[in-house]
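Encoded as structure tokens, the structure appears first; notes follow it.
Residue numbers (this note's numbering): 117 to 334.
This is the structure in structure tokens:
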């Protein structure tokens with residue numbers, strides 16, 4: 117796998133999770149109305165303090181499994197099929213949601229915490245969607261990263277993803293402070309629909325890879 121192809125795959129697969137509206141997104145908007153881009157940056161750090169250790173833990177687990185001769189093919193098979201199915205489901209749901217959703221005016225919440233680092237920690241660590249995503253789709257990316265360049269591959273994979281978290285959350289917080297709406301705008305719905313299509317595309321590729329390997333060993 118070429119380095120550019122690997123980076124592009126990581127960016128496109130993880131972009132939907134980084135840009136999608138969720139607890140962290142709305143917490144960022146709520147706090148951003150007061151603190152702006154600086155608050156978005158600190159909240160992003162809180163998010164990273166949860167996400168990066170989780171990625172390292174997954175890498176450690178999969179690297180240990182891969183020490184077994186039969187382990188790595190099993191891991192790649194499982195993560196390809198499970199990750200592919202999850203991407204297909206998430207992609208289809210995202211396309212449906214953003215094609216049918218009406219304008220959302222509830223993006224400004226009533227959070228009272230003034231500590232963006234704490235908000236980043238809480239709304240990341242207690243988000244079941246976030247954990248589930250990394251245990252399924254993210255696991256496939258971690259396995260590919262390990263196969264690509266071991267620990268350096270994992271670091272490259274994470275850097276290729278995490279910059280979007282910072283760029284997006286900082287931008288959203290800045291726009292929130294300026295009084296600009298995000299959710300419900302035509303461009304946002306179009307972008308998220310396109311990302312949903314890309315999720316279906318990569319889900320199909322992951323699933324095809326897994327099923328092809330499965331048929332080859334039967």
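Every residue, glycine too, gets a C-beta built ideally from N, C-alpha and C.
Own chain residues within Cβ distance below 6 Å of residue 221, not counting five before or after: Note on residue 221: pLDDT 44, under 50, position unreliable in the model; the coordinate value appears next. No residues qualify anywhere along the chain.
To the nearest angstrom, how far is the alpha carbon of residue 252 from that of residue 289? 29 Å
Could you tell me the alpha carbon to alpha carbon distance between residue 193 and residue 326, rounded to whole angstroms? 5 Å
Just to confirm the assignment, what range does the alpha helix (DSSP H) spanning residue 144 have? 139-181
From 239, 126, 206 and 134, residue whose alpha carbon lies closest to that of residue 146: 239
Sorted by chain position, which residues of the same chain lie with C-beta nearer than 6 Å to residue 250's C-beta, five sequence neighbours on each side aside? 170
Should residue 323 and residue 121 be called a contact, given that it needs their Cβ atoms to be closer than 8 Å? no
Neighbour-count burial assignment, residue 160, 16 or more Cβ in a 10 Å radius: buried
Counting Cβ pairs, one atom from each stretch, are 3 or more of them under 8 Å apart for the region 122-130 and the region 266-279? yes
Distance between residue 318 and residue 200 (C-alpha atoms, nearest Å): 7 Å
If we count the other Cβ atoms within 10 Å of its Cβ and call it buried at 16 or more, is residue 244 buried or exposed? exposed
Backbone secondary structure at residue 296 - three-state DSSP: coil
Would you report the Cα separation of residue 270 and residue 262, rounded to the nearest angstrom? 6 Å
For residue 307, which residues in the same chain have their Cβ closer than 8 Å to its Cβ, ignoring the five residues on either side in sequence? 135
Quick one, which of 177, 179, 140 and 155 has its alpha-carbon nearest residue 166's? 140
For residue 216, does the three-state DSSP call read helix, strand or coil? helix
Inter-residue CB distance, residue 155 and residue 162 (contact presumed, cutoff 8 Å): Not a contact, Cβ separation roughly 11 Å.
Answer yes or no: do residue 257 and residue 144 have a C-beta to C-beta separation smaller than 8 Å? no
Is the beta carbon of residue 178 less than 8 Å from the beta carbon of residue 126? no
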